[in-house]
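Each remark here refers to the structure printed beneath this line.
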Amino acid sequence: MASRSDPYAVLGVARTATQRQIREAFRRLARDDHPDANPNDPGAERRFKRIARAYELVKTAAARKAYEARRRSGQFAGPGAGGATSYSVDQGPIYHSDLGHHSDFYQAGDPLTIPEAAALVGRDAGWLRRAVRERRLAASRGERGYLVRRRDVERLDRTAPRRAAHADASTARPNDA
58 MASRSDPYAV LGVARTATQR QIREAFRRLA RDDHPDANPN DPGAERRFKR
108 IARAYELVKT AAARKAYEAR RRSGQFAGPG AGGATSYSVD QGPIYHSDLG
158 HHSDFYQAGD PLTIPEAAAL VGRDAGWLRR AVRERRLAAS RGERGYLVRR
208 RDVERLDRTA PRRAAHADAS TARPNDA
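Numbering (this note's numbering), first residue to last: 58 to 234.
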């Protein structure tokens with residue numbers, strides 16, 4: 058079975074294949090695995106999509122060059138694959154671009170105070186304090202008060218229901234007097 062991440066293996070061609078060989082391999086495989094040609098095969102659509110994704114990565118010389126660059130030292134490469142791994146922006150904090158799957162930990166963000174976090178998500182600061190007290194939001198105690206992570210606040214904001222907007226006086230029903 059071909060590797061999911063290697064388009065050459067999915068298409069069944071060598072890395073040194075010409076653009077014409079790649080196109081011919083794609084057309085042959087797409088014709089054989091097209092869902093319309095195999096209506097009784099439930100896996101045909103999945104195989105067809107995988108073949109189409111692989112072809113998108115290497116269908117032109119420019120796309121192929123970009124894929125090879127990413128594979129060597131970027132998106133598809135593992136940690137330590139080369140390239141600049143740490144850099145500073147405007148003499149500010151140092152960012153690390155070669156963190157592998159642990160990068161999510163480093164992208165959690167610097168701690169925010171409750172008012173800063175409330176402004177970030179457009180909520181009342183009391184809502185966040187209540188979430189901390191109810192242990193729905195992880196927080197640490199700092200000298201400036203509660204400190205929370207941006208990622209945690211954004212995640213809580215997406216899952217929490219919002220109150221319905223209050224009707225203004227012009228749309229309210231008149232009282233029966």
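C-beta atoms are modelled at their ideal positions from N, C-alpha and C, and glycine is treated no differently.
- Per DSSP, the unbroken beta strand (DSSP E) holding residue 198 starts and ends at 197 to 199.
- Rounded to whole angstroms, the separation of the alpha carbons of residue 170 and residue 200 is 10 Å.
- One alpha carbon belongs to residue 81, the other to residue 92, and they sit about 19 Å apart.
- Only residues of its own chain outside the window of five on either side were considered, and among them 189, 203, 204, 205 have a CB closer than 7 Å to the CB of residue 196, listed in chain order.
- Residue 64 is classed as buried because its beta carbon has at least 16 other beta carbons within 10 Å across all chains shown.
- For residue 202, no alpha helix (DSSP H) encloses it; the enclosing beta strand (DSSP E) starts and ends at 202 to 205.
- A Cβ-Cβ contact shorter than 8 Å links residue 70 with residue 78.
- For residue 170, the pairing in a beta bridge is given by DSSP as 204.
- For residue 76 against residue 118, the beta-carbon gap comes to about 6 Å, under 8 Å, which counts as contact.
- Burial check for residue 175: the Cβ neighbour count within 10 Å reaches 16 or more, so the residue is buried.
- The shortest C-alpha to C-alpha distance from residue 84 to any of 178, 173, 111, 124 is the one to 111.
- Fully contained in the stretch 68 to 108 are the following alpha helix (DSSP H) runs of length 4 or more, in chain order: 76 to 90.
- Secondary structure of residue 217 (DSSP, three-state): coil.
- Rounded to whole angstroms, the Cβ separation of residue 101 and residue 90 is 5 Å, and the two are in contact under 8 Å.
- In the three-state DSSP reduction, residue 122 falls in the helix class (H, G or I).
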